[in-house]
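Enquirer: FYI, in our numbering the residues of the sequence shown are 1261 to 1627. Ideal Cβ placement from N, Cα and C applies to all residues, glycine included. First the structure, then my questions, so here it is.
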Amino acid sequence: MTMLRKLALIVLCSAVLASVAFGTQYAVRHWAGHSQQAGANPPATTAPTRTATPEPTPDTGQSTDPTPSAEPTPHHVLAPGSKGVQVRELQHRLYQLAWGPELTTGDYDRDTKAAVAGFQDKRGFRASGVVDQRTWDRLVKMTRTPTHDQLFNVLHPGPALLASGDSGDSVRAVQARLKQIAWLFGDVSGTYDAETVAAVRGFQAKRGIPETGEVDQRTMDRLVAMTVEPTHEQLFNIEPKPGALDARCRVGRVLCVDKTSRTLRWVIDGHVSATFEVRFGSDELPTREGSFSVLSKSPDHVSSIYGTSMPFAMFFSGGQAVHYSPDFAANGYAGASHGCVNVRDYDGIAWLFGQVNVGDKVVIYWS
């Protein structure tokens, strides 16, 4: 019995060993076969993409710099037709640089455009008359910010240069200039008296200047702008002697006009009946010289070209005439006519108009 058990145990162990050996052999074969398949078909990998290198472009000798773009259109700050406080500021800043009048209007008108264009041209800018940012920046840099009163024409008197009680040559000059524009009558005295105070006060009132009766810088500047440098004769009440009569003025009835002495003399057969101060045209619109005749007369004439009043007009050459001029009466020799012979004595020219006949001679010359 013992022997049978031992025999059975040996058979059982042999069977187990045979099974293990067979399983091991199978596993080895299976692994080898799988490895061969893996070697025959290796896993795919992602190859890096090669970037083509561009061929160098041959040098053609031409610049490769980018083409510059057109300059941007400048921003317009102010332009003709604009209105308001900023226009007032523009106008006062232009005044500070002597490009416009002191008083502001707030309207960007023709005069403002001309002043802006002049300012631009002076600085090498395009003289468009329109305020762009560049123009405005330069103007602001060169001027000070106007005060409220300056913007709205609230004027304050400045320190007196001349006042009541003063005397001397400066007073004589002021009096002579006031006489030129018919604000002072009588002799130039050189003493700042009550008549001078009244004349200065009237002149200031007419021009919107504070009425002090004293001459400050604003009053002096306006007076000088409207008059001419007084002559020695005007300063010392010496009656000017007109030049000799032109030979053409010595016969018949003649309006004898001397450009040198700026006088018109009404002459009949060589006798001077009346003398008047006159003014002439500018260099651009000169008064013609020579011998003419009165072609027509018009007591209440208005210029069809300029729209200005020409009372007591006596025409002698086309549109040129001898006539009364309100501007000459108000502003003296600061201005000029459009070619006519201006008279500022209203009563005198009214009388002369009644004396002169169509056909009477007009002689204009330099003595």
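Assign Gly-1428 to buried or exposed, taking buried as 16 or more other Cβ atoms, counted over all protein chains shown, within 10 Å of its Cβ.
Expert: exposed
Enquirer: Counting C-beta neighbours from all protein chains within 10 Å, is the total for Phe-1533 16 or more, i.e. buried, or is it exposed?
Expert: What sits at residue 1533 in the sequence shown is Ser, not Phe. Ser-1533 sits exposed, since fewer than 16 C-beta atoms from the chains shown fall within 10 Å of its C-beta.
Enquirer: For the candidate residues Gly-1446, Asp-1371 and Gln-1615, whose alpha-carbon lies nearest to that of Gly-1360?
Expert: For the residues Gly-1446, Asp-1371 and Gln-1615, the minimum Cα distance to Gly-1360 belongs to Asp-1371.
Enquirer: Can you tell me whether DSSP reads Arg-1404 as helix, strand or coil?
Expert: coil
Enquirer: In three-state DSSP terms, what is Gly-1608?
Expert: The answer is helix: DSSP assigns Gly-1608 an H, G or I state.
Enquirer: What did DSSP end up calling Lys-1519 once you bin it into helix, strand or coil?
Expert: coil
Enquirer: Assuming Ile-1441 and Asn-1591 form a contact by the criterion Cβ under 8 angstroms, report the distance between their Cβ atoms to the nearest whole angstrom.
Expert: 6 angstroms
Enquirer: Just to confirm, is the Cβ distance from Phe-1514 to Asp-1620 under 8 angstroms?
Expert: The sequence given here places Val at residue 1514; Phe does not occur at that position. Yes, the Cβ-Cβ distance between Val-1514 and Asp-1620 is below 8 angstroms.
Enquirer: Please determine, among Leu-1399, Asp-1367 and Tyr-1368, the residue with the shortest C-alpha to C-alpha distance to Lys-1382.
Expert: The shortest Cα separation from Lys-1382 among Leu-1399, Asp-1367 and Tyr-1368 belongs to Leu-1399.
Enquirer: Tell me, please, which residues DSSP counts as bridged to Phe-1552.
Expert: Val-1622
Enquirer: Kindly indicate the opening and closing residues of the alpha helix (DSSP H) around Ser-1430.
Expert: 1429-1440
Enquirer: Does His-1352 pass the burial test, meaning 16 or more other C-beta atoms within 10 Å, or should it be called exposed?
Expert: Taking a 10 Å sphere around the C-beta of His-1352, we find 16 or more other C-beta atoms and assign the residue as buried.
Enquirer: Quick one: is Trp-1611 near chain B, going by C-beta distance under 8 angstroms?
Expert: Checking the listed chains, one finds no chain B in this structure; it contains a single protein chain.
Enquirer: Report yes or no: do the stretch 1469-1480 and the stretch 1498-1510 share at least 3 C-beta pairs separated by less than 8 angstroms?
Expert: no
Enquirer: Could you tell me which of Ala-1436, Gly-1599, Gly-1512 and Leu-1495 sits nearest to Val-1538, measuring between CA atoms?
Expert: Gly-1599
Enquirer: On the three-state DSSP scale, how would you describe Trp-1443?
Expert: Trp-1443 falls in the coil class under three-state DSSP.
Enquirer: Classify Val-1466 as helix, strand or coil using the three-state DSSP reduction.
Expert: Sequence check: residue 1466 is Lys here, not Val. Reduced to three states, the DSSP call for Lys-1466 is helix.
Enquirer: Would you say Gly-1366 and Ala-1377 are within 8 angstroms of each other, going by their C-beta atoms?
Expert: no
Enquirer: What is the DSSP secondary structure of Ala-1330, counted as helix, strand or coil?
Expert: In this predicted model, Ala-1330 has a pLDDT of only 48, less than 50, meaning its place in the structure is not dependable; the value taken from the coordinates is given anyway. Looking at Ala-1330 - three-state DSSP - the assignment turns out to be coil, as it is neither helix nor strand.
Enquirer: My guess is that Val-1622 and Ser-1553 are in contact by the Cβ rule of under 8 angstroms, so how many angstroms apart are they, rounded?
Expert: 7 angstroms
Enquirer: Could you compute how far the alpha carbon of Val-1603 sits from the alpha carbon of Phe-1536?
Expert: 7 angstroms
Enquirer: According to DSSP, is Arg-1539 helix, strand or coil?
Expert: strand
Enquirer: In angstroms, rounded to a whole number, what distance separates the CA positions of Tyr-1593 and Phe-1463?
Expert: Going by the C-alpha atoms only, they are around 16 angstroms apart.
Enquirer: Ala-1454: which of Ser-1424, Gly-1384, Arg-1482 and Asp-1518 sits nearest, CA to CA?
Expert: Ser-1424
Enquirer: DSSP puts Phe-1575 in a beta bridge; with which residues?
Expert: Ser-1556 and Ala-1581
Enquirer: Across which residues does DSSP place Arg-1525 in a beta bridge pair?
Expert: Cys-1516 and Thr-1535
Enquirer: Going straight from the alpha carbon of Arg-1255 to that of Leu-1438, what length do you get?
Expert: It is not possible to answer for residue 1255, since the shown part of the chain is limited to 1261 through 1627.
Enquirer: Quick one: residues in its chain with C-beta nearer than 7 angstroms to the C-beta of Ala-1375, no 5 flanking neighbours on either side, listed in chain order?
Expert: Taking C-beta separations shorter than 7 angstroms and ignoring five residues to either side along the sequence, the partners of Ala-1375 in its chain run Leu-1354, Trp-1359 and Gly-1360, following chain order.
Enquirer: Can you look up Thr-1628 in the DSSP assignment and give me helix, strand or coil?
Expert: Residue 1628 lies beyond the residue range present for the chain, which begins at 1261 and ends at 1627; the question has no answer from this structure.
Enquirer: In three-state terms, what does DSSP make of Lys-1382?
Expert: helix
Enquirer: Alpha carbon to alpha carbon, how far is Gly-1614 from Asp-1560? Give it in angstroms, no decimals.
Expert: Asp-1560 and Gly-1614 have their C-alpha atoms some 13 angstroms from each other.
Enquirer: Where does Asn-1591 sit, in a helix, a strand or coil, going by DSSP?
Expert: Reduced to three states, the DSSP call for Asn-1591 is helix.
Enquirer: How close, in whole Å, do the beta carbons of Leu-1421 and Met-1480 come, if the pair is a contact with beta carbons under 8 angstroms?
Expert: 6 angstroms
Enquirer: In angstroms with no decimal places, state the Cα-to-Cα distance between Gly-1512 and Val-1618.
Expert: 13 angstroms
Enquirer: For a test of the three-state rule: what should DSSP assign to His-1416, helix, strand or coil?
Expert: coil
Enquirer: For Tyr-1486, list the residues DSSP reports as bridge partners.
Expert: It is worth fixing the name first, because residue 1486 is Met in this sequence and not Tyr. According to DSSP, Met-1486 bridges with nothing at all.
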